[in-house]
Amino acid sequence: MLVPVLLSGGVGSRLWPVSRELHPKQLLPLAGEMSMLQATLQRTAGLEAAAPLVVCNEEHRFMVAEQLRQITIEPTALILEPAGRNTAPAVALAALHLQATDPEAIMLVLPADHLIQQVEAFTEAVACALPLAQTGRLMTFGVVPSKPETGYGYIRRGNELGADVYELDRFVEKPDEATARGYLESGEFLWNSGMFLLRADAYLAELERHAPAMLEACREAMAGAATDMDFVRPEAAAFNRCPADSIDYAVMEHTGAGGVVALDCGWSDIGAWSALWEVGAQDASGNVTSGDVLLDNCSNSYFRSDSRLVAATGVENLVVVETADAVLVADRDQVQNVKRIVTALKAGQRGEAELHAKVYRPWGSYESLVESDRFQVKRIIVNPGQKLSLQMHHHRAEHWIVVHGTAEVTCEDRVFMLAEDESTYIPLGHKHRLANPGKIPLELIEVQSGAYLGEDDIVRFEDVYGREGGCGETDDEDNRI
Numbered sequence: 321m322l323v324p325v326l327l328s329g330g331v332g333s334r335l336w337p338v339s340r341e342l343h344p345k346q347l348l349p350l351a352g353e354m355s356m357l358q359a360t361l362q363r364t365a366g367l368e369a370a371a372p373l374v375v376c377n378e379e380h381r382f383m384v385a386e387q388l389r390q391i392t393i394e395p396t397a398l399i400l401e402p403a404g405r406n407t408a409p410a411v412a413l414a415a416l417h418l419q420a421t422d423p424e425a426i427m428l429v430l431p432a433d434h435l436i437q438q439v440e441a442f443t444e445a446v447a448c449a450l451p452l453a454q455t456g457r458l459m460t461f462g463v464v465p466s467k468p469e470t471g472y473g474y475i476r477r478g479n480e481l482g483a484d485v486y487e488l489d490r491f492v493e494k495p496d497e498a499t500a501r502g503y504l505e506s507g508e509f510l511w512n513s514g515m516f517l518l519r520a521d522a523y524l525a526e527l528e529r530h531a532p533a534m535l536e537a538c539r540e541a542m543a544g545a546a547t548d549m550d551f552v553r554p555e556a557a558a559f560n561r562c563p564a565d566s567i568d569y570a571v572m573e574h575t576g577a578g579g580v581v582a583l584d585c586g587w588s589d590i591g592a593w594s595a596l597w598e599v600g601a602q603d604a605s606g607n608v609t610s611g612d613v614l615l616d617n618c619s620n621s622y623f624r625s626d627s628r629l630v631a632a633t634g635v636e637n638l639v640v641v642e643t644a645d646a647v648l649v650a651d652r653d654q655v656q657n658v659k660r661i662v663t664a665l666k667a668g669q670r671g672e673a674e675l676h677a678k679v680y681r682p683w684g685s686y687e688s689l690v691e692s693d694r695f696q697v698k699r700i701i702v703n704p705g706q707k708l709s710l711q712m713h714h715h716r717a718e719h720w721i722v723v724h725g726t727a728e729v730t731c732e733d734r735v736f737m738l739a740e741d742e743s744t745y746i747p748l749g750h751k752h753r754l755a756n757p758g759k760i761p762l763e764l765i766e767v768q769s770g771a772y773l774g775e776d777d778i779v780r781f782e783d784v785y786g787r788e789g790g791c792g793e794t795d796d797e798d799n800r801i
């Protein structure tokens with residue numbers, strides 16, 4: 321059976337400030353109304369395939385599950401990596417899981433954050449690769465290059481095996497411009513898309529041949545895996561011993577059973593803001609805009625506004641990206657260096673590297689509106705049927721005002737309902753819980769007041785998401801949700 325395997329472990333730091341470590345690019349609607357993850361899943365709808373399997377970070381598990389629910393997809397499993405170890409171990413975890421039920425399962429391995437504009441061409445390429453994958457060949461997809469791109473790795477194709485299907489000769493690193501131009505003119509090189517079609521047993525056999533320590537660690541991790549709802553948690557200590565490597569380096573560069581399909585489908589890895597300018601709808605002056613943007617005499621630039629008006633005059637070749645808590649301005653030819661900004665933010669322990677002003681949680685989201693000495697104001701959204709943990713605070717009291725929906729409030733021994741325009745007060749030190757028993761989202765304004773307002777002032781007593789614990793386990797700091 322063909323099984324789409326989505327790899328959703330990246331953080332997309334070159335797309336900061338929209339992509340953040342705890343809300344990365346694959347979970348964002350960057351090139352359409354759907355998130356990149358959702359669009360990748362929808363792309364597989366034309367294939368005769370089983371339900372998808374998703375490998376993602378522990379921190380993103382509820383957001384991934386919610387996005388699958390929104391498009392009515394029930395996954396085969398959500399495998400949660402205890403730590404990032406690159407793509408080769410991630411694919412190994414998926415292969416080991418699938419082998420338990422289908423020894424001949426064929427994995428269509430797809431990064432969850434790529435764009436494909438011509439889905440029919442992608443579907444046809446999978447159909448071309450499938451007969452060879454069934455025989456045990458490790459197939460990859462090489463994108464027909466349209467320009468001498470220096471930001472992608474390349475694949476050199478070998479002998480022809482069929483129409484647009486070739487033996488895999490070798491992988492090559494990102495070239496300089498002169499080398500890339502030579503690759504383009506030769507017609508022998510394809511962009512490395514990072515997409516693969518592999519029999520699970522064939523991949524594991526090659527991994528055992530070329531990276532046995534990696535396979536051993538993954539086997540031990542899956543042997544000790546725990547299952548929680550749709551989540552499969554490999555045993556952390558074993559997986560943490562696993563060497564980190566990409567599937568290209570660990571397997572594909574060494575195997576004698578590789579193959580490549582030439583693919584021309586409007587592909588992009590959306591690796592930087594310049595990629596969104598390239599694939600976007602450009603106006604007569606070459607500008608791409610998103611959100612509330614006003615331009616005067618601007619050209620060949622990308623402007624994105626998420627929360628307020630962005631206005632520009634007399635500029636060219638820029639990228640300007642606005643979010644509620646940060647603004648990025650960059651030369652369009654230098655956007656690969658945005659990653660250095662993120663590194664500097666982390667070095668300065670700035671929260672903007674990890675979180676947005678709007679923070680998503682398994683029960684909904686919260687957004688900080690006003691912060692000052694001894695008080696702050698938040699907008700809280702609780703999804704239908706969800707509830708926060710039963711908790712208390714040592715240093716702050718809270719006032720809740722319902723603006724939309726119905727709230728079920730627990731405060732010490734009292735449980736009561738609040739309708740729109742009603743409010744309540746949660747005194748310092750009182751056990752409390754907020755829940756949404758209704759069918760529509762609950763929206764409320766929370767006003768916190770006290771001597772200390774840090775998110776580590778919390779003690780949990782009960783939690784449906786497995787976050788019970790004492791001080792320090794907070795909705796901000798427990799990033800495993």
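Using our numbering, read the sequence shown as starting at 321 and increasing by one per residue.
For each residue, glycine too, the CB sits at the ideal point set by N, CA and C.
All figures in this text were calculated on a predicted structure; none of them were measured in a lab.
Return the chain-ordered list of same chain residues with a C-beta closer than 7 Å to the C-beta of residue 629, the five sequence neighbours on each side being excluded. Once the five neighbours on either side are set aside, the close Cβ partners of residue 629 are 612, 614.
Note the first and the last residue of the continuous alpha helix (DSSP H) segment covering residue 417. Run containing residue 417: 407-419, per the alpha helix (DSSP H) assignment.
If we count the other Cβ atoms within 10 Å of its Cβ and call it buried at 16 or more, is residue 670 buried or exposed? Exposed.
Please report the distance separating the alpha-carbon of residue 411 from that of residue 618. About 45 Å.
From what residue to what residue does the alpha helix (DSSP H) around residue 558 run? Where residue 558 is concerned, the enclosing alpha helix (DSSP H) stretches over 556-560.
Closer than 8 Å is the cut-off here; do at least three beta carbon pairs connect the segment 378-398 with the segment 502-519? Flag = no, the segment 378-398 and the segment 502-519 do not touch.
For residue 746, report the span of its beta strand (DSSP E) as first-last. Per DSSP, residue 746 belongs to the beta strand (DSSP E) from 743-746.
For residue 765, which residues in the same chain have their Cβ closer than 7 Å to its Cβ, ignoring the five residues on either side in sequence? Once the five neighbours on either side are set aside, the close Cβ partners of residue 765 are 697, 699, 721, 723.
Using 8 Å as the threshold, is the C-beta distance between residue 324 and residue 428 below it? Contact: yes.
Whole alpha helix (DSSP H) elements within the segment 561-607, 4-residue minimum: Runs of the alpha helix (DSSP H) inside the segment 561-607: 593-599.
Go to residue 779, then tell me how far its beta strand (DSSP E) extends in each direction, as first and last residue. Residues 779-782.
Which class does residue 431 belong to by DSSP, given the choice of helix, strand or coil? Note: residue 431 maps to strand in three-state DSSP.
Taking only runs that begin and end inside the segment 731-771, name each unbroken alpha helix (DSSP H) of 4 or more residues, in chain order. At a cut-off of 4 residues, not a single continuous stretch assigned as alpha helix (DSSP H) sits fully inside the segment 731-771.
Going by alpha carbons, who is nearest to residue 725 out of 718, 733, 737? Selected option, being the one with the closest Cα: 737.
Cβ of residue 571 within 8 Å of Cβ of residue 526? Residue 526 is positioned such that its CB atom lies closer than 8 Å to that of residue 571.
Which of the three DSSP states is assigned to residue 708 in this structure? It is coil, neither helix nor strand.
How would you write the range of the alpha helix (DSSP H) that residue 502 sits in, first residue to last? 497-506 is the span of the alpha helix (DSSP H), which, as asked, contains residue 502.
For residue 407 and residue 566, believed in contact at Cβ under 8 Å, the rounded distance: Confirmed, about 5 Å.
Please report the distance separating the alpha-carbon of residue 590 from that of residue 341. Cα to Cα, residue 590 sits roughly 16 Å from residue 341.
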